[in-house]
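Peer 1:
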Amino acid sequence: MSWGTELWDQFDNLDKHTQWGIDFLERYAKFVKERLEIEQNYAKQLRNLVKKYCPKRSKDEEPRFTSCLSFFGILNELNDYAGQREVVAEEMGHKVYGTLMKYSQDLKAERKHHLQEGRKAQQYLDHCWKQMDNSKKKFERECKEAEKSQTNYERLDNDINATKSEVEKAKAQYYLRTHTADESKNEYAAQLQNFNAEQWKHFNNSIPHIFKNLQDMDQRRTVKLGETYRSFAEAERRVIPIISKCLEGMVSAAKAVDERRDSGIVVESFKSGFDPPGDFPFEDFSQNLSRTGSDGAISNTPKGERDGAPGPPRPDPKHSISKSKNKLWLFGKKPKSPSSSPPPPPPPSSSRPRPASQFFPPNRFSSDRVSQYLSEIKSTVPRIPQNLKGLRRGAPSVEDFSHLPPEQRRKRLQQRIDELNNKLQIEMDQRDALNKMKDVYEKTPHMGDPNSLQPKISETICNMEKLRSEIHKHEAWLSEVEGKQSSRDRRHSADNHHPTPQGRESPEGSYTEDTGQEQRTPHHHSGPPQPGHPSADPHDFDDEFDDDDPLPVIGHCKALYSFDGQNEGTLVMAEDEVLYIIEEDKGDGWTRARKQSGEEGYVPTTYVEITMEKNCKGAVTYI
């Protein structure tokens with residue numbers, strides 16, 4: 000159905016209709032724009048959400064639990080899903096919105112052109128009609144004038160009183176008007192014929208052609224709308240397979256959660272490698288009680304003592320209590336020997352240290368009793384494992400990771416060895432590349448000087464030697480840890496078949512409690528202790544604690560006064576000498592320090608000006 004034949008007289012309505020079509024197209028384009036903005040905002044919010052819950056982390060902090068890995072896998076899939084939403088927005092913006100806006104501009108220009116042609120044709124037809132109408136009016140006017148002149152001529156011709164000149168003049172006027180009327184008639188006929196021709200041409204050629212162009216334009220607009228509708232849906236359907244893969248990835252990540260593996264990772268992460276503590280021995284506090292015969296009870300005093308013969312020493316109840324406290328050294332402070340405790344501090348106002356007699360209190364116990372206590376302490380005080388000293392003292396991380404438990408130390412050492420091997424491989428590759436470049440320079444001198452590469456090659460070889468030395472050192476530490484673990488495993492396996500006696504643990508454990516050992520400990524001494532030397536062998540007791548790695552430095556101090564350090568366990572220092580602080584004052588007025596030569600001992604706290612280092616206190620954890 001053609002607009003030219005059916006709507007030949009609806010130019011204005013077609014003008015309004017084509018304008019409405021373009022407005023509708025632009026309205027749909029606006030709808031697409033708002034939709035793609037929603038997609039862009041949705042994708043942006045999803046990416047921000049993923050970024051919020053998936054922060055950047057270092058290699059050591061990467062999660063290993065399957066639940067965490069699955070969650071981060073879901074976040075990655077969600078990030079890909081957000082990317083597909085961005086693809087949808089981009090497709091809509093490029094293939095739908097951009098196309099519609101460009102087509103809208105083309106339609107406006109085309110419609111304007113067709114309407115201008117229609118208006119020109121209409122104006123030309125109106126012009127022809129005006130000319131025809133003017134000629135018609137002129138013809139009508141000339142005919143009326145001719146009729147008047149004819150009436151006047153006939154009146155004068157019939158009037159007997161009219162002169163011949165008047166009659167002739169009226170007759171000439173009549174002929175002139177008649178001739179003019181004939182000319183107007185011919186002109187009117189010509190204009191009428193021309194107008195009819197132009198009108199037929201207008202309504203049968205020009206207008207149908209213009210309307211046909213408008214109809215084609217409107218149909219193309221409709222077709223374009225249908226194509227953009229389809230493109231709008233295709234942009235969404237094109238990403239459905241990828242979105243389905245993203246959803247499948249989320250489901251796969253959910254299925255990858257393994258509670259047993261997570262439990263194993265917890266064990267692997269926090270396993271210390273230590274053996275659990277043994278049973279606590281029974282502590283009999285009634286050994287010092289003697290029952291009378293009237294009570295009808297047997298005295299607990301050994302027969303040898305009742306007879307006056309020497310027998311095994313009885314433990315002091317106070318010392319028994321201290322033994323039970325010493326067994327909990329892992330969570331408490333390191334026990335100190337009574338003989339190795341520092342003397343009381345000097346007063347701040349004194350410019351010289353006190354005599355040795357003022358540092359030690361009067362000896363209230365006999366030498367036998369002191370030796371007995373020391374023997375019992377040496378047999379019962381636990382040996383502190385080397386790898387727990389740093390933990391107890393709050394020491395910072397060291398190069399050999401000795402502050403960590405065995406299992407964690409082994410893992411960190413292995414990780415460090417792998418890192419060093421990677422660096423070594425990089426240096427080796429760089430060395431090979433430099434050697435190849437040097438060979439090329441030697442063969443083709445114009446490309447470069449081979450001697451210019453020698454410093455870089457030497458530096459690379461030096462770096463390789465340093466890395467090999469580091470690897471060898473770490474491998475030695477790793478071998479030491481693995482050897483201790485293998486021996487502990489063998490001992491643990493043997494203990495499963497042959498349980499240890501009650502109260503005794505492995506050397507790597509916490510303590511050893513054997514009553515027989517206490518009884519076998521010599522309790523006789525060559526003589527009473529000298530003043531200022533309460534114990535005959537104090538170094539043996541100190542070695543139980545201090546024969547391993549040295550204490551970490553937690554600060555430094557400057558001597559305000561000189562100190563002779565004549566007493567056991569003290570340190571000689573000169574005025575203005577700088578020492579390292581390795582143990583703080585525990586309230587007894589003495590600070591443990593170390594010289595630059597490595598000698599350690601106690602100095603009066605009031606004799607030194609102490610400066611503590613930051614971040615040197617606090618417990619060290621395994622995680």
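For the sequence shown, the positions run 0 to 622 when numbering that gives the first Met the number 0 is used.
Backbone N, C-alpha and C fix where the C-beta goes; we use that ideal spot for every residue, glycine too.
For C556, list the residues DSSP reports as bridge partners.
Peer 2: Answer is L578, I609, bridged to C556.
Peer 1: To the nearest angstrom, report how far apart S468 and K43 are at their CA atoms.
Peer 2: Each residue's Cα considered, the two are about 51 Å apart.
Peer 1: Check the C-beta distance from T604 over to D584 and give it rounded, since I have them as a contact under 8 Å.
Peer 2: T604 to D584, Cβ: 5 Å. Contact.
Peer 1: Within its chain, find whatever has a CB closer than 6 Å to the CB of R46; leave out the 5 residues flanking it on each side and keep chain order.
Peer 2: Same-chain partners within the cutoff: A81.
Peer 1: Do you know how far the Cα of N420 is from the Cα of E458?
Peer 2: C-alpha separation (whole angstroms): 18 Å.
Peer 1: From R140 to L124, what distance separates their C-alpha atoms?
Peer 2: Their Cα atoms are separated by approximately 24 Å.
Peer 1: Can you list the alpha helix (DSSP H) stretches of 4 or more residues lying completely in the segment 17-48, in chain order?
Peer 2: Counting only runs of 4 or more, we get nothing.
Peer 1: Give a yes or no on whether 7 Å exceeds the smallest Cβ distance from Y560 to chain D.
Peer 2: Looking for chain D here will not work: only one protein chain is present.
Peer 1: Could you give the C-beta distance for D274 and F64, rounded to a whole number, given that I count them as a contact under 8 Å?
Peer 2: Going by Cβ atoms, the distance from D274 to F64 rounds to 27 Å, so no, they are not a contact pair.
Peer 1: Quick check: the Cα distance between E406 and W476, rounded to an integer number of angstroms?
Peer 2: Roughly 13 Å separates the two Cα atoms.
Peer 1: In the DSSP assignment, find the beta strand (DSSP E) that holds W589 and state where it starts and stops.
Peer 2: 589-593 is the span of the beta strand (DSSP E), which, as asked, contains W589.
Peer 1: Please determine if the segment 112-123 and the segment 205-215 are in contact, where contact requires at least 3 C-beta pairs separated by less than 8 Å.
Peer 2: Counting Cβ pairs under 8 Å, three or more are found: they touch.
Peer 1: To which residues does DSSP link Y601 through a beta bridge?
Peer 2: Y601 is bridged to T569, R591.
Peer 1: Starting from the Cα of E5, find the closest Cα among S148, K211, A188, D417 and give me that residue.
Peer 2: The option with the nearest alpha carbon to E5 is K211.
Peer 1: Please go through the segment 223-283 and give each complete alpha helix (DSSP H) segment of 4 or more residues, from N-terminal end onward.
Peer 2: For the segment 223-283, whole alpha helix (DSSP H) runs of length 4 or above, ordered along the chain, are 239-254, 258-269.
Peer 1: Please name the residue, chosen from E153, L68, E36, that lies closest to Y96 on a Cα-to-Cα basis.
Peer 2: It is E36 whose Cα lies nearest to the Cα of Y96.
Peer 1: How close, in whole Å, do the beta carbons of T227 and L99 come, if the pair is a contact with beta carbons under 8 Å?
Peer 2: Indeed, because the Cβ distance is near 6 Å, the residues count as touching under 8 Å.
Peer 1: Compare the Cα-Cα distances from G568 to each of S561, R593, G482 and report the closest residue.
Peer 2: Of the candidates S561, R593, G482, the one whose C-alpha sits nearest the C-alpha of G568 is R593.
Peer 1: For Q18, which option in A432, E109, Q565, V265 has the closest C-alpha, if you only look at C-alpha atoms?
Peer 2: Nearest of A432, E109, Q565, V265 to Q18, Cα basis: E109.
Peer 1: Determine the contact status of V480 and R409, defining contact as a CB-CB distance below 7 Å.
Peer 2: Going by C-beta atoms, V480 is nearer than 7 Å to R409.
Peer 1: Should W680 be labelled buried (16 or more other beta-carbon atoms within 10 Å of its own) or exposed?
Peer 2: Here the chain covers residues 0 to 622 and nothing more, so residue 680 does not appear.
Peer 1: Can you list, in chain order, the residues of its chain whose CB lies under 7 Å from that of Y579, leaving out five sequence neighbours each side?
Peer 2: Excluding positions up to five away in sequence, the list reads V552, H555, A592, R593.
Peer 1: Less than 8 Å between the CB atoms is what I'm expecting for S148 and Q172, so what's the real figure, rounded?
Peer 2: Between Q172 and S148 the Cβ distance is about 5 Å, and since that is below 8 Å, they are a contact.
Peer 1: V571 to V397, Cα distance in whole Å?
Peer 2: Straight-line Cα distance between these residues: approximately 29 Å.
Peer 1: For a quick check, are the C-beta atoms of Q83 and I264 less than 7 Å apart?
Peer 2: Against a cut-off of 7 Å, the Cβ pair of I264 and Q83 comes out as no contact.
Peer 1: Please name the residue in D14, S451, E76 whose C-alpha comes closest to that of E247.
Peer 2: It is E76 whose Cα lies nearest to the Cα of E247.
Peer 1: Label L175 either buried or exposed according to how many other C-beta atoms from any shown protein chain fall within 10 Å of its C-beta, with 16 as the threshold for buried.
Peer 2: Counting Cβ neighbours within 10 Å, L175 comes out exposed, since fewer than 16 surround it.
Peer 1: Please say whether A255 and S69 have beta carbons closer to each other than 7 Å?
Peer 2: Contact flag set, yes.
Peer 1: Skipping 5 residues on each side, what residues in its chain have a beta carbon closer than 6 Å to that of G564?
Peer 2: Excluding positions up to five away in sequence, the list reads L570, V571.
Peer 1: Is it the case that the Cβ atoms of E90 and A234 are separated by a distance below 7 Å?
Peer 2: Closer than 7 Å, so yes.
Peer 1: Between P404 and S268, is the Cβ-Cβ spacing less than 7 Å?
Peer 2: Against a cut-off of 7 Å, the Cβ pair of S268 and P404 comes out as no contact.
Peer 1: What span of residues does the alpha helix (DSSP H) with G586 cover, start to end?
Peer 2: Segment: none, G586 is in no alpha helix (DSSP H) and carries neither H nor E.
Peer 1: Which residues in the same chain have their Cβ closer than 7 Å to the Cβ of G92, if we skip the five residues on either side of it in sequence?
Peer 2: Around G92: L35.
Peer 1: Relative to the C-alpha of G225, which candidate in S561, K94, Q192, G597 has its C-alpha closest?
Peer 2: Ranking S561, K94, Q192, G597 by Cα distance to G225 puts K94 first.
Peer 1: By a C-beta neighbour count over all protein chains shown, 10 Å radius and 16 as the cutoff for buried, is Y52 buried or exposed?
Peer 2: Exposed is the call here.
Peer 1: Hey, how far is the Cα of S285 from the Cα of G277?
Peer 2: Rounded to whole angstroms, S285 to G277 spans 24 Å at the Cα level.
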